[in-house]
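The numbering used here applies: residue 429 is where the sequence shown begins, and numbers increase by one.
Beneath this line is the structure, given in structure tokens, with notes to follow.
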Amino acid sequence: MVTFDETAKRRIRFLTRRGLLELDIVLGRFMQAEFNRLSDEELSVFVEILDLPDPEFLALVNEKEVCNNPAFLPLLDKIRQAKAV
């Protein structure tokens, strides 16, 4: 399992800067509310999600598309909860 040090976490924070304003806002709220509490396993999944193209990522967050990766579901739920705040 990968262990995320502070340098890796800074890289992840940088990756949350997206091209879509709505996604930027959602991720900003998520980062503020949840990021520091994520386990290394969750961070690994988050990096995978961040690799998705912006439109696909936003569609998953907004539940406009069905998520075919069960590993994404718990983290997408956390992102959605942060979005609702």
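Virtual Cβ for every residue (Gly too), placed ideally from N, Cα, C.
Please read all numbers here as calculations on a predicted model, not as lab measurements.
Within the same chain, and ignoring the five residues on either side of residue 468 in sequence, the residues whose Cβ sits closer than 7 Å to its Cβ are 429, 430, 431 and 432.
Annotated three-state conformation of residue 438 is helix, per DSSP. Counting only runs of at least 4 residues, the stretch 443-496 fully encloses the following alpha helix (DSSP H) elements, listed from N- to C-terminal order: 449-461, 468-478 and 482-489. In this structure, residue 507 and residue 463 do not form a Cβ contact; the two beta carbons are roughly 11 Å apart against a cut-off of 8 Å. Rounded to the nearest whole angstrom, the C-alpha separation of residue 472 and residue 500 is 10 Å. When DSSP states are grouped into helix, strand and coil, residue 512 belongs to the helix group.
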